[in-house]
Amino acid sequence: MSEFILAAVAWPYGNSQIHAGNLAGSYLPADIFARYHRLKGNQVLMVSGTDSHGTPITVRAEAENVSPEEVYLRFHAGFLELFQKMGLTYDLFTSTHTENHFKVSQAMFNALLKNGFMYEETQKQWYSPKQGRFLPDRYVEGTCYICGYQNARSDQCDQCGSLLDPTKLIDPRTKIDGSAPELRDTTHFFLDLGMLQDDVAEFLKERESYWRPNVIRQSLGQIQTEGLRGRPITRDLKWGIPVPVEGWEGKCLYVWFEAVIGYLSASIEWSKIHNKPDAWRDWWKNQNAKTLYFIGKDNIPFHAIIWPAELAGAGGAFDAFFGEGEEEPFVLPYDVPANEFLNLEGQKISGSRNWAVWGLDFLSRYDPDPLRYYLTAIMPETRDADWDWEEFYHRNNDELVATWGNLVNRVLSFAYKYWEGVVPEPGTLADEDKALLDEVEKGFENIGSDLEAVRLRSALNEAMRLASKVNKYLDQSAPWKSVKTDKSEAGRAIFVAMKAIDSLKVLFAPFLPFTCQKLHHFLGYDGHLFGSQYTESYQDAVGEHSALLYDPSNAIGKWEKSELSPGHKFLKPEPLFIKLDKSIVEDERGRLGK
Ligand SMILES: [Zn+2]
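Those letters in the sequence shown? Residues 0 to 593, by numbering that gives the first Met the number 0.
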């Protein structure tokens, strides 16, 4: 039976380019997972967009003396280009600066207010006497009072991952001009996480057995040791979504409150675009749907505590405020498979120091599949990982080219030469032939269960192990020798190898969609394993923006073993991958200034 699967992907801030660490952290794993479920025939919805409201954007806009809108639109355009080149199959990649997102966020706010999970409180906020205004949390930096990290943002420490009470920050300084801010009174709405704590704790306990330990530690662990307290969800800011309450003009919904609502609003926007206005409910109001959130570890508390609290607290009241459908509770996250960090050549990635492998820059010199391969092979699923250019070079040449690419090339070239583009008749299969095909075909189960549990490294390893098995089989059966003495024996080995390769094509497809499509073509098949990506522009009351979409209607790929039969015609192959020269290691390290 077909399942409803939501792949909710982290929202990149519209203030900087995307680097390999972002790709490995959330965007690529989400796409691999989504592509697998698309092949399985499930109802996949993969959504995200540009977070266009955060203070990272206003900080940059002020530095460049342009509007925040200009800043986010510029980076948003780069994201759309990168995601197409990289083949990240978002059903909708939109932004938070849309009329739809404003309405959905305000309905969530109103639902939480009505259900009694909001309260007003006057709090101390950092104020810059020099600039004559309240400062958002990101405008203030200082020393973390938990771990002592000196460059902590006032609301969150990037070193220890803790959410911080901004007023407790040690030695605060203003990010814009370095001056010392002072604390002044301002009134805000607070989300009453204390009242929602039992609901969230119960939700986490139900998932404790299968969630990644780090995610549980940073969510359930935090609740059990510290407990939850109310958090302000409005800000003294002009750029953002207005608080939908009279008398609150000039204040906005806090970006973290509304950005997570983007998963829901993007699903609703997708439904509207496709003229199925209620379709989003299949993922959000159908308790059999599975919703997975692909994020980096720095965002765990927002996705494992705050977002489930918002969903549980708003519940069916959202439907009343949004004005559509029956009042039903929301589906809570099925999993939050947060990844750890990716470092670069032994050091923390830093965009500002240009210590990064930038997605678009990389793709100006290399193909997307080697990037997808390397990032998956080293994916930081359980601990921090390191991008090393020498390792990239070796994994490309020794694994992608030598194990998988050469297997395809030598088998198809040989078969094309001796059987003139027609799959040979195998006769009766021997035990070792059947054993190989059985082992490869078991991959659909083994690799599938790894992919479902978001163990992507393990899934890719298994696919590569099976490719090595086919190489070994060919070394033993040596059809290149037997073709001269017994062509039918050689034909049997080639038939078995081609059938294994045809299955491996599907097993590798979620990871290596571009080259698997090429292989699909060389194997003589028509059509596309996956659907196609396209962009569209929209105008609404808030502004104009473009979005990336995915059309699955032409996809024919299926997560099923090969049915390749003798007599099937195929084409002359070309190499799937490019062997790299060793000099790229020094060149790339030189680009980093190393
Ligand atoms: Zn800290």
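Ideal Cβ placement from N, Cα and C applies to all residues, glycine included.
Measure the alpha-carbon distance for residue i versus residue j and round it to whole angstroms.
i, j, result
"E120", "F189", "7 angstroms"
"L399", "Q346", "26 angstroms"
"Q221", "D334", "18 angstroms"
"E205", "V43", "24 angstroms"
"F317", "E268", "16 angstroms"
"A7", "R73", "23 angstroms"
"W10", "I294", "9 angstroms"
"E207", "I215", "6 angstroms"
"R37", "T49", "24 angstroms"
"G261", "V199", "20 angstroms"
"Y118", "G193", "12 angstroms"
"V103", "N405", "51 angstroms"
"I622", "S161", "Summary: the structure shown does not reach residue 622, with the chain confined to residues 0 through 593, and so no result is reported for it."
"V410", "A508", "19 angstroms"
"G86", "F521", "20 angstroms"
"K594", "P328", "Residue 594 falls outside the range modelled here, since the chain spans only 0 to 593, and no answer is possible."
"L503", "S266", "33 angstroms"
"E461", "L506", "9 angstroms"
"A477", "K468", "14 angstroms"
"E543", "L362", "28 angstroms"
"D483", "E389", "According to the sequence provided, residue 483 is Lys. The question's Asp does not apply to it. In a straight line, the C-alpha of K483 is about 41 angstroms away from that of E389."
In the structure shown, what three-state DSSP assignment does residue i receive?
i, result
"A106", "helix"
"S545", "strand"
"K39", "coil"
"A288", "coil"
"N460", "helix"
"W386", "strand"
"I145", "coil"
"M0", "coil"
"G295", "strand"
"A355", "coil"
"H519", "helix"
"N470", "helix"
"A540", "coil"
"M497", "helix"
"P509", "coil"
"V199", "helix"
"Y118", "strand"
"P367", "helix"
"D550", "strand"
"D191", "coil"
"W282", "helix"
"A316", "helix"
"L528", "coil"
"P307", "helix"
"N64", "coil"
Within a Cβ cutoff of 6 angstroms, which residues of the same chain sit near residue i, ignoring the five residues on either side of it in sequence?
i, result
"S481", "E488, A489"
"E339", "K296, P379, R382, D383"
"I232", "F188, L190, Y253, F256"
Considering only residues of the same chain and omitting the five flanking positions on each side of residue i, which have a CB-CB separation below 7 angstroms?
i, result
"L459", "T375, A376, F510"
"F101", "I240, V541"
"A33", "A6, V43, M45, T88"
"G523", "H567, K568, F569, L570"
"A106", "F317, F320, F321"
"N21", "P11"
Quick test of your reading: residue i and residue j, contact by CB under 8 angstroms. State the CB separation rounded to the nearest angstrom.
i, j, result
"P28", "L563", "Between L563 and P28 the Cβ distance is about 30 angstroms, and since that is not below 8 angstroms, they are no contact."
"L291", "P336", "7 angstroms"
"L359", "Q16", "7 angstroms"
"E140", "R132", "That belief does not hold up - the Cβ atoms of E140 and R132 are roughly 17 angstroms apart, past 8 angstroms."
"E257", "T95", "7 angstroms"
"I175", "Y138", "6 angstroms"
"L450", "Y26", "With 8 angstroms as the limit, L450 and Y26 do not qualify as a contact, their Cβ atoms being about 16 angstroms apart."
For residue i, decide whether its Cβ has a neighbour in chain B, counting only Cβ atoms nearer than 7 angstroms.
i, result
"N287", "The question asks about chain B, but that chain is absent: this structure has only one protein chain."
Considering only residues of the same chain and omitting the five flanking positions on each side of residue i, which have a CB-CB separation below 8 angstroms?
i, result
"T142", "Y148, Q149, A151, L168, I169, D170"
"G530", "R37, T88, Y549, D550, P551, S552, N553, A554"
"M463", "E398, T402, W403"
So if I measure from each beta-carbon to every heavy atom of ligand 1 and keep distances below 5 angstroms, which residues remain?
Having a Cβ closer than 5 angstroms to some heavy atom of ligand 1 are C143, I145, C146, Y148, C156, Q158, C159.
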